[in-house]
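Peer 1:
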Amino acid sequence: MDFALNDIQQMLQDSAAKFIQNDYDFETRQGFAQCDVGFNPDNWSLFAELGWLALPFAECYGGLDGNILDLMVLQTELGKGLITEPYLASVVLGGNIVQRHGNEAQKTTILEGLIAGKLKLALAAQEARSQNDISTISTTANKTDNGYLLHGHKSVVVGANCADKIIVLARTSGNSSDKKGLSLFIVDPKQAGITLNAYVTNDGNQAADITFKNVLVSFDDVLGDIDTAFDNVKKVLNDAIVAISAEAVGVMEKLLNATVEYCKVRKQFDQPIGKFQVLQHRMADMFMECEQSKSMLYYGAIAINSDDDADKAASLLKIKIGTAGRLVGQAAVQLHGGMGVTDELDVGHFFKRITMINTLFGSHDEHLDNLVKQQQVA
Amino acid sequence: MGFTLFMVNNTNIDFSESEKIFRLEVRFFFQNELPKKVRFAIDNGLRLSKEEQVLYQQALATKGWAGTNWPVEHGGTGWSATQKYIFYNESAKAKAPRIVPFGLSMVAPVIYSYGNKEQQERFLPDILSSKVWWCQGYSEPNAGSDLAGIKTKAIRDGDDYIVSGVKTWTTLGHYADWIFCLVRTQDTGKKQEGISFLLIDMNSTGVTVKPIITLDGRREVNEVFFEDVRVPTNNLIGEEGKGWTYAKVLLTHERTNIAGVAVSKQRLSSIYEMLSIPPVGMADLRKNNVFMSRVLATEVELKALEYTELRVLSSVSTGKAPGPESSILKIKGTEVQQALDELYVEMAGIYALPFVPQQYDNANIDSTGPFFAANSAPHYYNNRKVTIYGGTNEIQKNIIAKQVLGL
Numbered sequence: 001m002d003f004a005l006n007d008i009q010q011m012l013q014d015s016a017a018k019f020i021q022n023d024y025d026f027e028t029r030q031g032f033a034q035c036d037v038g039f040n041p042d043n044w045s046l047f048a049e050l051g052w053l054a055l056p057f058a059e060c061y062g063g064l065d066g067n068i069l070d071l072m073v074l075q076t077e078l079g080k081g082l083i084t085e086p087y088l089a090s091v092v093l094g095g096n097i098v099q100r101h102g103n104e105a106q107k108t109t110i111l112e113g114l115i116a117g118k119l120k121l122a123l124a125a126q127e128a129r130s131q132n133d134i135s136t137i138s139t140t141a142n143k144t145d146n147g148y149l150l151h152g153h154k155s156v157v158v159g160a161n162c163a164d165k166i167i168v169l170a171r172t173s174g175n176s177s178d179k180k181g182l183s184l185f186i187v188d189p190k191q192a193g194i195t196l197n198a199y200v201t202n203d204g205n206q207a208a209d210i211t212f213k214n215v216l217v218s219f220d221d222v223l224g225d226i227d228t229a230f231d232n233v234k235k236v237l238n239d240a241i242v243a244i245s246a247e248a249v250g251v252m253e254k255l256l257n258a259t260v261e262y263c264k265v266r267k268q269f270d271q272p273i274g275k276f277q278v279l280q281h282r283m284a285d286m287f288m289e290c291e292q293s294k295s296m297l298y299y300g301a302i303a304i305n306s307d308d309d310a311d312k313a314a315s316l317l318k319i320k321i322g323t324a325g326r327l328v329g330q331a332a333v334q335l336h337g338g339m340g341v342t343d344e345l346d347v348g349h350f351f352k353r354i355t356m357i358n359t360l361f362g363s364h365d366e367h368l369d370n371l372v373k374q375q376q377v378a
Numbered sequence: 379m380g381f382t383l384f385m386v387n388n389t390n391i392d393f394s395e396s397e398k399i400f401r402l403e404v405r406f407f408f409q410n411e412l413p414k415k416v417r418f419a420i421d422n423g424l425r426l427s428k429e430e431q432v433l434y435q436q437a438l439a440t441k442g443w444a445g446t447n448w449p450v451e452h453g454g455t456g457w458s459a460t461q462k463y464i465f466y467n468e469s470a471k472a473k474a475p476r477i478v479p480f481g482l483s484m485v486a487p488v489i490y491s492y493g494n495k496e497q498q499e500r501f502l503p504d505i506l507s508s509k510v511w512w513c514q515g516y517s518e519p520n521a522g523s524d525l526a527g528i529k530t531k532a533i534r535d536g537d538d539y540i541v542s543g544v545k546t547w548t549t550l551g552h553y554a555d556w557i558f559c560l561v562r563t564q565d566t567g568k569k570q571e572g573i574s575f576l577l578i579d580m581n582s583t584g585v586t587v588k589p590i591i592t593l594d595g596r597r598e599v600n601e602v603f604f605e606d607v608r609v610p611t612n613n614l615i616g617e618e619g620k621g622w623t624y625a626k627v628l629l630t631h632e633r634t635n636i637a638g639v640a641v642s643k644q645r646l647s648s649i650y651e652m653l654s655i656p657p658v659g660m661a662d663l664r665k666n667n668v669f670m671s672r673v674l675a676t677e678v679e680l681k682a683l684e685y686t687e688l689r690v691l692s693s694v695s696t697g698k699a700p701g702p703e704s705s706i707l708k709i710k711g712t713e714v715q716q717a718l719d720e721l722y723v724e725m726a727g728i729y730a731l732p733f734v735p736q737q738y739d740n741a742n743i744d745s746t747g748p749f750f751a752a753n754s755a756p757h758y759y760n761n762r763k764v765t766i767y768g769g770t771n772e773i774q775k776n777i778i779a780k781q782v783l784g785l
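Those protein sequence lines, which keep their order, are chains E and A. Under my numbering, the letters of the first sequence match residues 1 to 378, in that order. Under my numbering, the letters of the second sequence match residues 379 to 785, in that order.
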């Protein structure tokens with residue numbers, strides 16, 4: 001029984017930690033987040049050089065053959081820097097769905113571009129009405145002689161603003177909540193009929209709502225097989241839950257450490273406020289939530305990686321991260337006092353991110369509700 | 379457990395072949411080798427009498443499994459962390475009783491770590507065979523969380539100590555033949571440094587045991603009075619004045635299974651079984667979304683805790699000291715236990731009300747409500763102790779703040 005990192009993971013962790021420490025202090029990060037594109041393109045090239053963009057892909061496509069556990073190690077470290085580079089959107093969502101669902105030709109060309117840092121991706125799955133229920137999709141793709149006509153609206157597509165290709169989930173057959181009948185399409189956001197309403201998100205990242213008005217997609221740009229996308233999208237979303245939970249663990253560790261350090265130096269009533277038991281117990285609670293989250297992350301990552309009751313594992317993990325993130329984030333702001341609600345200090349921005357992580361890929365309440373319903377039909 | 383968590387192509391929690399065989403052996407033992415009386419009590423959800431508890435522990439001893447955490451040279455199993463994990467899980471699945479910890483898990487490690495050879499030969503075999511029943515003499519009426527404030531005195535008089543004072547919350551002290559005590563041998567200097575670790579025969583003249591009745595209406599804990607009790611000095615463990623150190627080592631020593639994860643897992647799976655096929659007298663609670671979300675929230679916390687415990691076992695098995703994650707086992711483990719208690723009371727519904735203590739010990743009386751109902755509220759009441767004993771959870775948080783966070 002050994003929960004230690006293997007050599008590759010250790011290298012990954014070290015290089016990511018070094019990158020955050022040397023090249024990604026909070027002020028630099030704010031600079032990237034506030035520029036037009038929302039991140040530093042030079043960093044993206046560096047990610048390519050370091051092999052991070054190749055991590056989860058098979059060797060035959062130029063990847064490093066890593067798995068979700070390796071991604072977890074990387075994401076935890078990157079979380080400590082609050083990176084705004086679209087790693088989640090491009091690699092964990094976009095590249096992942098191409099690898100899982102694409103045909104050989106698509107995998108070869110798209111993943112090659114992605115790994116080289118030349119092509120960025122986004123996955124447009126969720127919609128306003130169904131949100132995280134990805135079987136209920138009302139965007140349609142109707143077959144014509146020249147390809148498919150894509151019509152509908154996709155909501156809050158993370159990383160869409162800078163994506164060179166967007167993978168769109170649409171209904172090709174069946175009723176609006178059937179798991180069968182869903183297909184994926186590769187589109188260029190500049191294509192005729194596509195309107196992107198891009199915006200920054202509350203945590204300093206970027207996303208877009210996208211409208212498709214009878215957009216013609218060639219048969220070559222149908223990703224993989226038609227009508228069978230649901231299972232693979234679900235798997236990709238489970239992977240994404242591991243990835244953002246790992247990021248959340250990094251964020252929580254950062255929040256805990258910052259709070260403990262602040263309480264050691266901030267003096268009131270002639271002593272460091274960390275000497276007050278009421279604050280000590282709150283920090284002990286933060287510590288326990290961080291550790292329990294890390295434990296849950298290990299469980300979730302192992303279960304999802306080995307496809308052992310993966311959907312339930314993803315829900316259990318996301319529920320834990322949701323409650324723990326809220327507790328740790330709110331306590332960190334509270335214990336920083338007025339400073340905790342300023343834009344100037346990093347703590348507030350880590351709090352913003354941990355809060356937004358709860359809304360991604362199903363909130364705590366949604367996953368809990370899903371599990372309750374599963375018990376009721378079991 | 380034969381797995382390296384992060385190896386790229388080997389990520390299942392999977393046991394090695396020899397561990398799988400061990401698991402079968404443990405499973406077989408619990409299914410087939412328990413004394414009939416013990417089996418009957420387990421099958422009928424009854425509390426064990428002292429006699430049945432001893433029978434159970436003697437069955438373990440015969441198998442060579444009584445000293446779960448003991449080193450081989452003293453007759454222990456010498457099990458790896460993984461084997462202990464398997465043992466506790468199979469034990470819980472079989473709904474086997476817990477091993478009463480005072481002799482086998484608490485005083486024994488102190489005796490084999492700090493006692494002299496004569497003491498080891500004199501005490502350890504009878505502990506291993508459960509021939510002698512031990513209890514713990516730590517807390518006093520005025521020394522609870524502030525344990526170093528104990529006042530029970532041991533004054534040297536020739537080859538004896540003369541002990542006087544009061545110990546309290548002595549679990550199952552009315553069954554005990556011996557008590558291990560923290561006593562004050564010195565009044566001056568730092569209060570921790572005047573404490574010694576002394577073994578006292580409960581049959582000594584001047585020892586009186588008085589019951590304390592707890593909220594379940596039963597006698598589980600006691601007060602133990604010492605009036606000028608003569609205790610031979612060769613019952614002193616280690617050096618005079620080092621008792622506090624030994625007691626602290628004992629606390630960090632005994633981390634395995636402290637969270638009760640295996641038992642909680644078993645209780646949770648019983649809840650799910652009863653929700654899908656409600657026993658006679660129980661309402662269909664699966665339709666109650668609020669209740670169901672509490673069950674699932676408990677499952678979430680327990681799953682995380684299981685992995686926290688695995689992390690601790692993993693670091694111990696690779697020879698490292700338990701990391702900071704170990705300090706949360708007691709807090710989270712007891713919180714989960716109490717959350718499960720609440721769920722059981724909820725499931726008993728209106729049948730949580732009748733007070734039928736006979737039903738704890740006797741399978742032959744007519745059941746009032748579902749079979750688990752009679753015990754649900756008393757167990758809930760009694761189990762409020764778990765966040766209090768062993769260092770209250772508030773004290774545990776102080777420890778985290780000071781020792782882990784450096785506040």
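Just so it is clear, CB atoms sit at the ideal spot from N, CA and C, and this is done for glycine as well.
I need the DSSP call for Gly340(E), collapsed to helix, strand or coil.
Peer 2: helix
Peer 1: Less than 8 Å between the beta carbons of Thr546(A) and Ser517(A), yes or no?
Peer 2: Taking 8 Å as the Cβ cut-off, Thr546(A) and Ser517(A) qualify as a contacting pair.
Peer 1: Kindly list the residues whose CB is nearer than 7 Å to the CB of Ile533(A), restricted to its own chain and excluding five residues on each side of it in sequence; keep chain order.
Peer 2: Tyr539 and Ile540
Peer 1: Please report the distance separating the alpha-carbon of Lys120(E) from that of Glu261(E).
Peer 2: 38 Å
Peer 1: Run down chain A in chain order and give the residues with a C-beta less than 9 Å from the C-beta of Ser295(E).
Peer 2: Lys681, Ala682, Leu683, Glu684, Tyr685, Thr686, Glu687, Leu688, Arg689 and Glu703
Peer 1: How is Leu663(A) classed by DSSP in three states: helix, strand or coil?
Peer 2: helix
Peer 1: Would you say Lys398(A) faces chain E, with C-beta separation under 8 Å as the test?
Peer 2: no
Peer 1: May I have the straight-line CA-CA distance separating Val609(A) from Val432(A), to the nearest angstrom?
Peer 2: 27 Å
Peer 1: Under 8 Å Cβ to Cβ from Lys441(A), same chain only, skipping five residues before and after it: list those, please.
Peer 2: Phe407 and Glu411
Peer 1: When DSSP builds the beta bridges, which residues end up paired with Phe212(E)?
Peer 2: Phe212(E) pairs with Gly152(E) and Ile194(E).
Peer 1: When you compare the CB of Met385(A) with every CB in chain E, is at least one pair closer than 8 Å?
Peer 2: Because the pLDDT at Met385(A) is just 31, under 50, the model does not fix this residue reliably, and the point stays unresolved.
Peer 1: How should Lys775(A) be labelled, buried or exposed, when 16 other C-beta atoms within 10 angstroms of its C-beta is the threshold for buried?
Peer 2: buried
Peer 1: So what does Leu577(A) bridge to, in DSSP terms?
Peer 2: DSSP output for Leu577(A) lists Phe558(A) as bridge partner(s).
Peer 1: Looking at Ile615(A) and Phe287(E), is the spacing between their C-beta atoms short of 8 Å?
Peer 2: no
Peer 1: For the candidate residues Ala439(A), Pro413(A) and Ala444(A), whose alpha-carbon lies nearest to that of Glu355(A)?
Peer 2: No information on residue 355(A) is available, as it lies outside the stretch 379 to 785 that chain A covers here.
Peer 1: I'd like the list of long-range same chain contacts for Leu12(E), defined as Cβ closer than 7 Å, with 5 residues on each side in sequence excluded.
Peer 2: Asp70, Val73 and Leu74
Peer 1: Could one say the Cβ of Ala474(A) lies closer than 8 Å to chain E's Cβ atoms, at least one of them?
Peer 2: no
Peer 1: Quick one, which residues of the region 319 to 339 of chain E are near chain A if we go by CB-CB under 9 Å, in chain order?
Peer 2: Residues are counted here when their Cβ sits less than 9 Å from a Cβ of chain A; for the region 319 to 339 of chain E these are Ile319, Lys320, Thr323 and Ala324, given in chain order.
Peer 1: Take Lys620(A) as the anchor and find which of Ile590(A), Gly572(A), Asp594(A) and Ile655(A) has the nearest alpha-carbon.
Peer 2: Gly572(A)
Peer 1: Can you confirm whether Tyr298(E), when its beta carbon is compared against all beta carbons of chain A, has any partner nearer than 8 Å?
Peer 2: yes
Peer 1: Between the Cα of Tyr434(A) and the Cα atoms of Pro449(A), Trp448(A) and Phe418(A), which residue gives the shortest distance?
Peer 2: Minimum Cα-Cα distance from Tyr434(A) among the listed residues Pro449(A), Trp448(A) and Phe418(A) corresponds to Phe418(A).
Peer 1: By a C-beta neighbour count over all protein chains shown, 10 Å radius and 16 as the cutoff for buried, is Val187(E) buried or exposed?
Peer 2: buried
Peer 1: Would you report the Cα separation of Val265(E) and Tyr650(A), rounded to the nearest angstrom?
Peer 2: 49 Å
Peer 1: Examine the Cβ distances between the region 209 to 221 of chain E and the region 41 to 49 of chain E and report whether three or more of them are shorter than 8 Å.
Peer 2: Flag = no, the region 209 to 221 of chain E and the region 41 to 49 of chain E do not touch.
Peer 1: Would a check of beta-carbon distances place Met652(A) closer than 8 Å to chain E?
Peer 2: no
Peer 1: With a threshold of 16 other CB atoms inside 10 Å of the CB of Gln461(A), please say whether the residue is buried or exposed.
Peer 2: Classification for Gln461(A): buried.
Peer 1: Residues of the region 259 to 273 of chain E in Cβ contact with chain A at a cutoff of 9 Å, in chain order, please.
Peer 2: Val260, Cys263, Lys264 and Pro272
Peer 1: Taking the CB atoms as reference points, tell me whether Ile505(A) and Gln498(A) lie closer together than 8 Å.
Peer 2: no
Peer 1: Using DSSP's beta-bridge definition, name the partner residues of Leu82(E).
Peer 2: Paired residues: none, contrary to the question.
Peer 1: Could you list which residues in chain E have their beta carbon closer than 7 Å to that of Met660(A), in chain order?
Peer 2: Near Met660(A) there are no residues of chain E at all, since even the closest Cβ is about 16 Å away, more than 7 Å.
Peer 1: Quick one: using the 10 Å Cβ neighbour count with 16 as the cut-off for buried, is Pro756(A) buried or exposed?
Peer 2: Flag for Pro756(A) reads buried.
Peer 1: Taking the DSSP output, what are the residues bridged to Lys312(E)?
Peer 2: Answer is none; Lys312(E) lacks a bridge partner.
Peer 1: Of the residues that make up the region 9 to 34 of chain E, which ones have a beta carbon closer than 7 Å to any beta carbon in chain A?
Peer 2: Gln9
Peer 1: Given a threshold of 16 other Cβ atoms within 10 Å of its Cβ, counted over all protein chains shown, does Tyr463(A) qualify as buried or as exposed?
Peer 2: buried
Peer 1: How should Asn67(E) be labelled, buried or exposed, when 16 other C-beta atoms within 10 angstroms of its C-beta is the threshold for buried?
Peer 2: Asn67(E) should be labelled buried.
Peer 1: On the three-pair Cβ rule with 8 Å, is the region 166 to 175 of chain E touching the region 140 to 156 of chain E?
Peer 2: The region 166 to 175 of chain E vs the region 140 to 156 of chain E: in contact.
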